[in-house]
Every structure is written in structure tokens, then in C-alpha cells.
Amino acid sequence: MSIFAKIITVENFIYLIDCAKNSLILAIISVILGLFIGTIVAACKISKIRILRYLANIYVEFIRGTPMLLQLLIFFFGLPQLIPNYASLSFSTQVFIAGVVGMSINSGAYSAELIRSGIQSIEAGQWEAGKSLGMSYFKIMRLIILPQAFKRVIPPMVSEFIVLIKDSSLVSSIGATELLKGSQIIGSRYYNYIIPLFMAACIYLIITLTISYFAKKLEKRFQIYD
Amino acid sequence: MIKLCNIYKQFPNVQALDDVSLQINEKEIVCLIGPSGSGKSTLLRCINGLEIPDKGQVFIEDELVDYKNEKQLRALRQEMGFVFQQFNLFPHKKVVENITLALLEVLKKDEESANSIALKLLDRIGLKDKANEYPSKLSGGQKQRVAIARALAMNPKIMLFDEPTSALDPEMVKEVLTVMKELAHEGMTMIVVTHEIGFAKEVSNRVIFMDEGKIIESGSPNVIFNEPKHERTKTFLSKVL
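Chains A and B supply the protein sequences, listed in that same order. Residue 5 is where the first sequence starts when you use my numbering, and the numbers rise one by one after that. Residue 988 is where the second sequence starts when you use my numbering, and the numbers rise one by one after that.
Okay, structure coming up:
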């Protein structure tokens, strides 16, 4: 039996897909939390209150200026110091929480910049129209500006989501069994890493290409009012 | 109804308003004319707080406007309709939703009565069949009529128009002016910044000519257009008439 037939089996693919689920879960939770953090930070960035702008800038610059792997390690080693009883959680839960927190906070910084530029790309006339109807700042933001800004931000947010799926592989370095780690585990079983790595690459590609495909459809649906 | 006392407004490199005082009475239709950069739009925007004067006082129905008081500003704006040169419709909302948004969110009307107000207004401006279209599907003239309807839905006491026809193709100017004329005949108080001399002549009670941030001359359309006193007014009119 050739080495290909030995490694490329249904069982191994099922195992990898199971691992890929972890990658996806990490990325999905992080992109949602990141969007949430990003919206708040974006609001701080364009706020009139200087201290908020200042703090938001420090956050964004720190996250964008340091490696994500380093950030993950900080949370992995830092969370047990911060949270009592953290160490009593199971190892996989610890890794999962550190991974989600690290990736969300990382994604929050990038999303904040995307959302800020999205908000600022909305014409001043939209603000003025809202004001002239007697609407408050928050109503204008929520009902008029953000819906339009989010629409413009969809394509870069999808790229951000795809980056997160790929970067979730970094969480393997603190001990998570996600897609990349899964392929290495298979590799160690057969003393052949190249083939399992290519199998993982295929699964990453299937995921990311599928997302791109649906993102394009979503964009089209939003285009009805253009 | 509206009183402006000694208003100053400075923009970088321009004195947009230079000691402007003006009183507008109920049911009056006032047209502001003058070369671009003369401060007409800034004056209009100061009235509803889209610009904040550097100096001077604005009274609306004897109430001094405190530009730092957001709550008061919001209350005042609800009673003043504002129509923009660029329409500023909400592109992500259907035509009918453009009109109902503030009814629901600001005046807290229920869905049903908001819709009925919106449809009545759309019927009045002849666009009932466009209720469920997005603004991108409308022509410029239609957009501006919807913008007027959106402002009217709030049942304002006064309507402010900032060059409402300047961004329109020539063949669409008339439909917008027709809606405005109807409003005027119904007794709406209106302040209109415009280059439409014909409209000013036909509809307004008073024409104000501004230049370089100052009111140069003010009077009935007959006086301003036929016997202007100031040299600057004459020069401007000779260019536009």
C-alpha cells in the first residue's frame, strides 16, 4: 500500500475535520466578540472625550504592533494570575479561554480600525439629516450611521474573519488541538508530515473559499439600495 | 418667530457671517439670495444649530437658543424642517421608512399612524407609488420631494430650505418648486436660500440680499428686483437676471 493510501483515509479526514471544528469555533467566537469590542473602541476613537480616544489608540497600537503569538502567550500565562481558581479548570478549557480572549482582543483592534473608517466614510449630510429631524447622537449612530457603515465594512470584515481562521493555528502553540495541530498529530503517527499538512491545507482552503463565496452573496444582497 | 441678533461666524479664512441681525415673522416667506460664499447657507444652518455662531443670539419663539443644550436643540429642530441641497435621504431605508423613521423614533408614534402620515404625504407630492423603493431608484427631483415630505412629516412650524434645487438637473427643478409653492400657499413659514430668482419673485414676501457675510439689502421682491438701492445688489442681479 502506498504511503498516500495509508494516510489519506476517511478516518484521518474525519479526525482533521473534527479538529477544524475547533479552529472554526475559535474564529467565530473571536470575530463576534471582536466586532463587539471593535464597535465600542471605534466609538471611543471618534469620541469627543480625549481620554477615550487616547486609551483606544494605545489599545489598537499595542495589539497591531505586537505579534499575535506573543499576545496569546500573555493571556495563557497571565489569566491564571488574574482569575482565581483558573488553574482548577481543565487544561483544554484553559487553552480555549486563553485562545478566545487573545484572538478576540486581537481582532477587536483590527475591527476597530475597520469600523472607524466605515463610520467616518459616511457623509456628513447623513448626520445633519438625522440632527435636523431632532434625533439624538446615539439614535443617529445606531439607526443611520452604523447600518450604512457596517455594510461598507463587510468585505474587510470577511477578510478579517478569514485571517482569524488561519491565525487560530497559533493557538496550537499554547496547546489547543485545532486543525494544524491535528495534522501534526497524524504526521507523528505515520512519520510523514507533508501529506497531513497538505490535507490540513485543503481543509483550510475549503473553509476560506466557502466563506468568500457566501460573503460575495451577502454583499450582493446588501447592494439592493445602491 | 425667529430673531437673530448680531450673529458672527468665522470659518478658516472666511468671515461667513459678519454682524447679521434678522427677524422672521410667522407665515412669512423669505428668500435669501446672494453670490456663493456670501453666508446665506451658514445663516440658515445657524438657525437650527447645524452651525454654532461664534457670537450673537438666536431667539426662536422668544426662546434664546443655547447651542450647548443638546436637549433644547433637539426640541427646536423637531419644529423646524430642514431641506438640504444634497437631499441627504437615508439610502439604506425605503422611501416610506425615510419618512417614518423620525416619527417612530423621535415623536414615538406607532407604526400604523406613522405609515399613514407618510403615505398621505407621499400621495401629496405624487410619489405614493415609490413608497417601497430605495432612494437610489429615484431621480433627483423625486429625492428632493421625498426629503421635503420627510421634513413635513414632523409637522414643523417653519421650513428651512438650503438651495433645494441647486443639485438638480434643470428639468427637475420645476417639480420641486411646485411642491414648495403649494407649501407657501398653505401658509407655511419658510426661509429659502435659493438661486431661483423666479421663485423668489413669485412666492416670497421678502427677499434678502447677502454679500460677504452681511445683509446688504432687504425688502419686498418688487423693490429688490426692480429698484435695488445698493450697487452690489445691482451688480449681482445684473449677472443672474
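The C-beta atom is built at its ideal place from N, Cα and C for all residues, glycine as well. All of these numbers come straight from a predicted model, not from anything done at the bench.
What does the alpha-carbon distance come out to for the pair residue i and residue j?
{"i": "residue 17 (chain A)", "j": "residue 116 (chain A)", "result": "37 Å"}
{"i": "residue 196 (chain A)", "j": "residue 24 (chain A)", "result": "20 Å"}
{"i": "residue 68 (chain A)", "j": "residue 21 (chain A)", "result": "31 Å"}
{"i": "residue 1127 (chain B)", "j": "residue 1156 (chain B)", "result": "7 Å"}
{"i": "residue 123 (chain A)", "j": "residue 153 (chain A)", "result": "5 Å"}
{"i": "residue 993 (chain B)", "j": "residue 1061 (chain B)", "result": "23 Å"}
{"i": "residue 135 (chain A)", "j": "residue 142 (chain A)", "result": "11 Å"}
{"i": "residue 53 (chain A)", "j": "residue 145 (chain A)", "result": "17 Å"}
{"i": "residue 194 (chain A)", "j": "residue 26 (chain A)", "result": "23 Å"}
{"i": "residue 1203 (chain B)", "j": "residue 226 (chain A)", "result": "50 Å"}
{"i": "residue 178 (chain A)", "j": "residue 71 (chain A)", "result": "14 Å"}
{"i": "residue 189 (chain A)", "j": "residue 1122 (chain B)", "result": "56 Å"}
{"i": "residue 1079 (chain B)", "j": "residue 1044 (chain B)", "result": "37 Å"}
{"i": "residue 205 (chain A)", "j": "residue 48 (chain A)", "result": "39 Å"}
{"i": "residue 63 (chain A)", "j": "residue 203 (chain A)", "result": "37 Å"}
{"i": "residue 989 (chain B)", "j": "residue 1124 (chain B)", "result": "37 Å"}
{"i": "residue 60 (chain A)", "j": "residue 185 (chain A)", "result": "34 Å"}
{"i": "residue 1154 (chain B)", "j": "residue 1075 (chain B)", "result": "12 Å"}
{"i": "residue 1173 (chain B)", "j": "residue 1165 (chain B)", "result": "13 Å"}
{"i": "residue 1205 (chain B)", "j": "residue 1161 (chain B)", "result": "26 Å"}
{"i": "residue 1158 (chain B)", "j": "residue 1014 (chain B)", "result": "29 Å"}
{"i": "residue 198 (chain A)", "j": "residue 187 (chain A)", "result": "9 Å"}
Residues bridged to residue i by DSSP?
{"i": "residue 1205 (chain B)", "result": "B:1195"}
{"i": "residue 1146 (chain B)", "result": "B:1068, B:1177"}
{"i": "residue 22 (chain A)", "result": "None, per the DSSP bridge assignment."}
{"i": "residue 992 (chain B)", "result": "B:1044"}
{"i": "residue 997 (chain B)", "result": "B:1002"}
{"i": "residue 987 (chain B)", "result": "No statement about residue 987 (chain B) is possible, as the shown extent of chain B runs from 988 to 1228 and does not include it."}
{"i": "residue 1020 (chain B)", "result": "B:1196"}
Using C-beta distances below 6 Å, list every residue in its chain close to residue i, excluding the 5 sequence neighbours before and after it, in chain order.
{"i": "residue 128 (chain A)", "result": "none"}
{"i": "residue 1021 (chain B)", "result": "1027, 1196, 1197, 1198"}
{"i": "residue 1201 (chain B)", "result": "1005"}
{"i": "residue 56 (chain A)", "result": "48"}
{"i": "residue 29 (chain A)", "result": "none"}
Taking C-alpha atoms, which residue in the options lies nearest to residue i?
{"i": "residue 46 (chain A)", "options": "A:113, A:82, A:22", "result": "A:113"}
{"i": "residue 1012 (chain B)", "options": "B:1049, B:1037, B:1005, B:1004", "result": "B:1049"}
{"i": "residue 118 (chain A)", "options": "A:184, A:99, A:91, A:156", "result": "A:156"}
{"i": "residue 1171 (chain B)", "options": "B:1138, B:992, B:1145, B:1102", "result": "B:1145"}
{"i": "residue 1066 (chain B)", "options": "B:1074, B:1094, B:1165, B:1079", "result": "B:1094"}
{"i": "residue 163 (chain A)", "options": "A:219, A:131, A:200", "result": "A:219"}
{"i": "residue 1071 (chain B)", "options": "A:130, A:27, A:213", "result": "A:130"}
{"i": "residue 1147 (chain B)", "options": "B:995, B:1009, B:1017", "result": "B:1017"}
{"i": "residue 1226 (chain B)", "options": "B:1041, B:1182, B:1177", "result": "B:1182"}
{"i": "residue 1057 (chain B)", "options": "B:1042, B:1043, B:1037, B:1069", "result": "B:1037"}
{"i": "residue 137 (chain A)", "options": "B:1224, B:1047, B:1090", "result": "B:1090"}
{"i": "residue 1149 (chain B)", "options": "A:133, A:206, A:36", "result": "A:133"}
{"i": "residue 212 (chain A)", "options": "A:180, A:171, A:84, A:150", "result": "A:171"}
{"i": "residue 1105 (chain B)", "options": "B:1139, B:1074, B:1220", "result": "B:1139"}
{"i": "residue 166 (chain A)", "options": "A:180, A:73, A:43, A:216", "result": "A:216"}
{"i": "residue 224 (chain A)", "options": "A:159, A:176, A:147", "result": "A:159"}
Consult DSSP for residue i and reduce its assignment to one of helix, strand or coil.
{"i": "residue 75 (chain A)", "result": "helix"}
{"i": "residue 1181 (chain B)", "result": "coil"}
{"i": "residue 1071 (chain B)", "result": "coil"}
{"i": "residue 179 (chain A)", "result": "coil"}
{"i": "residue 1153 (chain B)", "result": "coil"}
{"i": "residue 100 (chain A)", "result": "helix"}
{"i": "residue 1050 (chain B)", "result": "strand"}
{"i": "residue 1014 (chain B)", "result": "coil"}
{"i": "residue 121 (chain A)", "result": "helix"}
{"i": "residue 163 (chain A)", "result": "helix"}
{"i": "residue 1037 (chain B)", "result": "coil"}
{"i": "residue 43 (chain A)", "result": "helix"}
{"i": "residue 106 (chain A)", "result": "helix"}
{"i": "residue 53 (chain A)", "result": "coil"}
{"i": "residue 1055 (chain B)", "result": "coil"}
{"i": "residue 30 (chain A)", "result": "helix"}
{"i": "residue 16 (chain A)", "result": "helix"}
{"i": "residue 87 (chain A)", "result": "coil"}
Check whether the Cβ of residue i sits closer than 8 Å to any heavy atom of the ligand NAP, and report yes or no.
{"i": "residue 1122 (chain B)", "result": "Absent from the structure shown: the ligand NAP. Ligands present: none."}
Take residue i and list the residues in its own chain whose beta-carbon comes closer than 8 Å to its own, dropping the five residues that flank it on each side.
{"i": "residue 1109 (chain B)", "result": "1082, 1083, 1086, 1115, 1117, 1118, 1133, 1136"}
{"i": "residue 1168 (chain B)", "result": "1186, 1189, 1190"}
Between which residues of its own chain and residue i is the CB-CB distance below 7 Å, once the five residues before and five after are set aside?
{"i": "residue 1039 (chain B)", "result": "1054"}
{"i": "residue 996 (chain B)", "result": "1003, 1004, 1029, 1033, 1038, 1040, 1041"}
{"i": "residue 168 (chain A)", "result": "31, 34, 35, 107, 111"}
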